[in-house]
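A.B. asks:
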Amino acid sequence: MEQILEESTYNQESIQNPATNCRNKLLHEKHVSEARDQKKMKQTERQLKCLAFQNPGPLLAEFNPETRIQTKEIRRTKLRQLVFESNAVWQRKYDNTGRLLFNGVDLCDCLDENCPGCFYPCSKCSSWKCGSICRCNRKWIYDGIETEGSDIVQKFPNLDSS
Numbered sequence: 001m002e003q004i005l006e007e008s009t010y011n012q013e014s015i016q017n018p019a020t021n022c023r024n025k026l027l028h029e030k031h032v033s034e035a036r037d038q039k040k041m042k043q044t045e046r047q048l049k050c051l052a053f054q055n056p057g058p059l060l061a062e063f064n065p066e067t068r069i070q071t072k073e074i075r076r077t078k079l080r081q082l083v084f085e086s087n088a089v090w091q092r093k094y095d096n097t098g099r100l101l102f103n104g105v106d107l108c109d110c111l112d113e114n115c116p117g118c119f120y121p122c123s124k125c126s127s128w129k130c131g132s133i134c135r136c137n138r139k140w141i142y143d144g145i146e147t148e149g150s151d152i153v154q155k156f157p158n159l160d161s162s
């Protein structure tokens, strides 16, 4: 009911004074646009507030990616030492140059101590003493070599030491 009265008074005023009518329209449009702007501003403030961290805590506030990378690398190094190096020393029979670990002898895979090398050069280390598989860091040894068609058996020398 009040709205109808306001509209009728508004219409009566617009009939009486056209300059006032134009000014009232401008004021009304300005008021409406300000109300829209305020509403949009409140919405954006609300959305920004929802996006902001409420309580990041001390760990996130003091976060440093460099420190994290360093600690990760330290852990990785320790793991590498535990898994690969400590166990590998006990498992390997030959060192990285192809010598036996327990006595340091450069023994050919034919198991002859005086052999200068009777195989083709190794594709990995170029040694003439490697058989079909390179001796560098190898984890096994030949116990003996049996020649087919004869009773000749070449045993590993000093097998008791290994």
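Each residue of the sequence shown is one higher than the one before, starting from 1 at the first, in UniProt numbering.
Beta carbons: idealized from backbone N, C-alpha and C, even for Gly.
So what does K155 bridge to, in DSSP terms?
C.D. replies: K155 is bridged to G144.
A.B. asks: Mind checking which residues open and close the alpha helix (DSSP H) that includes L79?
C.D. replies: Counting along the chain, the alpha helix (DSSP H) containing L79 begins and ends at P65 to R80.
A.B. asks: Can you tell me which of T44, G98, Q81 and F63 puts its alpha carbon nearest to the alpha carbon of I141?
C.D. replies: Closest by alpha carbon: G98.
A.B. asks: Out of I145, N24 and R138, point me to the one whose CA is closest to Q91's CA.
C.D. replies: That would be R138, whose Cα lies nearest to the Cα of Q91.
A.B. asks: Can you name, in chain order, every residue of its own chain whose Cβ lies under 7 Å from the Cβ of Y94, other than the five neighbours on each side?
C.D. replies: Contacts found: L100, L101, R135, C136, N137 and R138.
A.B. asks: So who's on the other strand from Y94, going by DSSP bridges?
C.D. replies: BP columns for Y94 point to L100.
A.B. asks: Please report the distance separating the alpha-carbon of E29 from that of A35.
C.D. replies: Cα to Cα, the separation comes out at about 10 Å.
A.B. asks: Does the segment 106 to 119 come close enough to the segment 56 to 72 that 3 or more CB-CB pairs lie under 8 Å?
C.D. replies: As far as the Cβ criterion goes, the segment 56 to 72 does not touch the segment 106 to 119, which means the pair count is below three.
A.B. asks: Would you report the Cα separation of G117 and E148, rounded to the nearest angstrom?
C.D. replies: The alpha-carbon atoms of G117 and E148 are separated by roughly 21 Å.
A.B. asks: Does DSSP put D37 in a helix, a strand or coil?
C.D. replies: Of the three classes helix, strand and coil, the one that applies to D37 here is helix, per DSSP.
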